[in-house]
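Here's the structure we're looking at; comments come further down.
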Amino acid sequence: MSASVLESFKALFAPADEQLMWRVQTADDAEAFAELVNRWEGPIQRLCTRVIGDAHRSQDLTQEAFARLYARRKGYRQGSKLSTYLWRIALNLCYDDLRRPYHRRETALTNDTNEACSPWEDMPGDSPTPAEHAAAEETGEAVRRALLSLPEHQRTIVILRHYENLKFREIADVLDLPEGTVKTRMTEALNQLATLLRRTLELKVAPSPNRRRRPTELSVL
Amino acid sequence: MNHPNPEDLVAYLYGELLPAARQRLAEHLTACPDCQKTVNDWRQTLSALDTWQVPVHRPALSALRTNLRWAATALILVGLGLWAGRVTAPGAPDARLMRAELLPVLRQELRQDLERASARTLAEANAETQRLVGEVVQTWSATREEDRQTTLALYNRAERQRKTDLAWLRRDLETVALTADARLETTQHELGQLASYSQTRAETR
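These protein sequence lines map, in sequence, to chains E and Z.
All residue numbers for the first sequence refer to this note's numbering, where the first residue is 1 and numbers rise by one.
All residue numbers for the second sequence refer to this note's numbering, where the first residue is 1 and numbers rise by one.
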C-alpha cells in the first residue's frame, strides 16, 4: 500500500486532534498522546529548526514541546484548536532558546544541508549536474542565513505562512495579533528577503541545455 | 491610479482574497508595472524559500509500528466489509454514502457526549470547591472560637487576681488603721499620765 493511500485511509477513520486531546485530558490515554506526537512531531521540528536555525537543538525543543503539552494537558481548553496551542508552546520554547547565550546557530545546518532534499531529486529522467546541485545548496544556505537575519516576529510569520501553510488568520490566532499586523509584517519580511537574496537569485545557475543525462542503454556500434 | 495596499498584495499572492477582490487586483496588476514588479519579486523570493528543505529526524520504529497497526486495521476492516457485502447480497448500500450519512450523526452524538461530560466535570468541580470552602470557613470559625475562649479565660484570671490583690490591700489597710488607732490610744493614755504626774509634782512643791 503506497504512503499516500495509507495516509488517506488513516485520515478517513482518524479521530481529530481535539478528540485525541480530550482522551489525554480525561483518561491520560497514552495511545492518543502517541498519535498526536506522531502527527505533529514533523511540523513542530521543522518549525523549531527554521526559527532557531539549529537542527540538533530543534530535536530537543520538539521533545520539550510535547512534554510541556502533556504536563499542561489540563490547561488546554476544549473548543480551541489544538494546533494553535501546540504552535504557541513550540514558539515560546524557541524564543526562550534564542535568548540563551550558548547558541550554536552559526554551526547549525552545515551538515544537514548536505542531507537536505534537492528540488531536482525526485524529477524523473535527468539528474542535475554538480554545478546545479551546488547552486541549489548555495541558494538554500543563502535562504537560511537571510531568514535567520530577520527579526523573530517576522521570521516566525514567514515560516508559519510559507513552510507550514497556515492562513494569515490562523497565524494571527497563534501569535495573538490582529490579522492586518500579521500581513504587514509578512510584507516587510518579503521585502527584506528580496533585498538579501537578490544577488543570490541573480547568480543562481539556470538549467543548462547540455546537462548530463543518465545513460539508459549502451549504444553498440 | 489607486494602488492596493501591500497587505492585499500579499493576500493575493497566497490566494487569500475573495474572488471579487482577487479579480480587481489582477486587473490592476495588468495595468500597473510597479505593483506587478513587487508581486514578481515576492514570487521569486518565495521560490527561493522553497530551496531550503529541512530534514526531520524521527524514530523510524515508532512510525513503522504505527503504520503497521493501521495497515492491519485496514486489512481487517476491508475483509469484514467484503464478507458483509457478500452476505448481505445485492442492494448493499454504498459505503461512501453510508459514511456521508453517518458522519454528521456520529459527530452530533460525540458533541453531545462531550457536552454532557464537560457539564458533569464542571458540576463535580463546583461541588468540590463548595465543600472545600465550607471546610475552610468551619476551620476558621473554630479557630476564632478557640481564640475567644482563651482570651476570656485569661481575662477571668486577671480579674480574679485583681480581686485577690484588692482584698489583701484592704486587709493591710485595716490592719494599719487598727494599729494606728491602738497607738493613738496608747499615746493619749501616756500623755494623760504624764499630765497628771506633772500636776501632782507641782502641788507638792
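We put the beta carbon where it would ideally sit given N, CA and C, even for glycine.
Rounded straight-line distance, which links the Cα of residue j to that of residue i
| i | j | result |
| --- | --- | --- |
| residue 166 of chain Z | residue 155 of chain Z | 16 Å |
| residue 116 of chain Z | residue 122 of chain Z | 10 Å |
| residue 42 of chain Z | residue 180 of chain E | 18 Å |
| residue 21 of chain E | residue 33 of chain E | 7 Å |
| residue 142 of chain Z | residue 136 of chain Z | 10 Å |
| residue 138 of chain E | residue 33 of chain Z | 31 Å |
| residue 109 of chain Z | residue 23 of chain E | 16 Å |
| residue 200 of chain E | residue 46 of chain Z | 13 Å |
| residue 295 of chain E | residue 78 of chain Z | Past the boundaries of the shown model lies residue 295 of chain E; chain E is included only from 1 to 221, so the question cannot be answered. |
| residue 9 of chain Z | residue 194 of chain E | 15 Å |
| residue 268 of chain E | residue 14 of chain E | Residue 268 of chain E lies beyond the stretch modelled for chain E, which goes from 1 to 221, so this question has no answer here. |
| residue 154 of chain E | residue 29 of chain Z | 26 Å |
| residue 61 of chain E | residue 95 of chain E | 11 Å |
| residue 128 of chain Z | residue 80 of chain E | 26 Å |
| residue 144 of chain Z | residue 138 of chain Z | 10 Å |
| residue 157 of chain Z | residue 150 of chain Z | 11 Å |
| residue 80 of chain Z | residue 88 of chain Z | 12 Å |
| residue 101 of chain E | residue 146 of chain E | 21 Å |
| residue 132 of chain Z | residue 140 of chain Z | 12 Å |
| residue 160 of chain E | residue 19 of chain E | 24 Å |
| residue 103 of chain Z | residue 86 of chain Z | 24 Å |
| residue 134 of chain Z | residue 182 of chain E | 49 Å |
| residue 91 of chain E | residue 48 of chain E | 7 Å |
| residue 151 of chain E | residue 134 of chain E | 28 Å |
Backbone secondary structure at residue i - three-state DSSP
| i | result |
| --- | --- |
| residue 78 of chain E | strand |
| residue 140 of chain E | helix |
| residue 54 of chain Z | coil |
| residue 16 of chain Z | coil |
| residue 156 of chain E | helix |
| residue 3 of chain Z | coil |
| residue 163 of chain Z | helix |
| residue 183 of chain E | helix |
| residue 37 of chain Z | helix |
| residue 32 of chain Z | coil |
| residue 107 of chain E | Legend: pLDDT at residue 107 of chain E = 44, less than 50; position of this residue unreliable, no value from coordinates given. |
| residue 42 of chain Z | helix |
| residue 165 of chain E | coil |
| residue 72 of chain E | coil |
| residue 64 of chain Z | Interpretation of residue 64 of chain Z is limited by its pLDDT of 48, a score under 50 that renders its predicted location unreliable; the figure taken from the coordinates is listed afterwards. Residue 64 of chain Z: helix per DSSP, three-state reduction. |
| residue 104 of chain Z | helix |
| residue 197 of chain Z | helix |
| residue 177 of chain E | coil |
| residue 210 of chain Z | This structure cannot speak to residue 210 of chain Z, because chain Z is shown only from 1 to 205. |
| residue 129 of chain E | coil |
| residue 94 of chain Z | coil |
| residue 88 of chain Z | coil |
| residue 150 of chain E | coil |
| residue 23 of chain E | helix |
| residue 116 of chain Z | helix |
| residue 22 of chain Z | helix |
Residues that residue i contacts on chain Z, provided the C-beta gap is smaller than 7 Å
| i | result |
| --- | --- |
| residue 143 of chain E | 48, 49, 51 and 52 |
| residue 167 of chain E | 16 |
| residue 183 of chain E | 7, 10 and 11 |
| residue 197 of chain E | 45 and 48 |
Residue i burial status per 10 Å Cβ neighbour count (16 or more: buried)
| i | result |
| --- | --- |
| residue 76 of chain Z | exposed |
| residue 201 of chain Z | exposed |
| residue 65 of chain Z | Bear in mind that the predicted position of residue 65 of chain Z carries a pLDDT of just 49, short of 50, making it unreliable; the figure below should be weighed with that in mind. Residue 65 of chain Z comes out exposed. |
| residue 57 of chain E | buried |
| residue 45 of chain E | buried |
| residue 176 of chain Z | exposed |
| residue 65 of chain E | buried |
| residue 97 of chain E | buried |
| residue 3 of chain Z | exposed |
| residue 186 of chain E | buried |
| residue 61 of chain Z | Caution is warranted here: a pLDDT of 42 is assigned to residue 61 of chain Z, below 50, making its placement in the model unreliable, and the coordinate value is therefore given only provisionally. Exposed, since its Cβ has fewer than 16 Cβ neighbours within 10 Å. |
| residue 83 of chain Z | exposed |
| residue 113 of chain Z | exposed |
| residue 189 of chain Z | exposed |
Beta-carbon neighbours of residue i, restricted to chain E and to distances below 7 Å
| i | result |
| --- | --- |
| residue 83 of chain Z | Here the premise fails: no neighbours, minimum Cβ distance about 18 Å. |
| residue 41 of chain Z | 194 |
Element boundaries [alpha helix (DSSP H), containing residue i]
| i | result |
| --- | --- |
| residue 49 of chain E | 30-52 |
| residue 16 of chain E | Premise fails: residue 16 of chain E is in no alpha helix (DSSP H) and is neither H nor E. |
Neighbouring residues, chain Z, relative to residue i (Cβ below 9 Å)
| i | result |
| --- | --- |
| residue 154 of chain E | Those do not exist, as residue 154 of chain E stays about 12 Å from chain Z at its closest Cβ, beyond 9 Å. |
| residue 78 of chain E | 114 and 118 |
| residue 49 of chain E | 54, 55 and 56 |
| residue 139 of chain E | 48, 51 and 52 |
Proximity test, residue i beta-carbon vs the ligand MN heavy atom, cut-off 6 Å
| i | result |
| --- | --- |
| residue 60 of chain E | The model depicted lacks the ligand MN and carries no ligand whatsoever. |
Chain-ordered chain Z contacts of residue i [CB-CB under 8 Å]
| i | result |
| --- | --- |
| residue 136 of chain E | 51 |
| residue 59 of chain E | 57 |
| residue 187 of chain E | 6, 7, 9 and 10 |
Residue-level contact to chain A via CB, residue i, 7 Å cutoff
| i | result |
| --- | --- |
| residue 93 of chain E | The structure shown contains no chain A; its protein chains are E and Z. |
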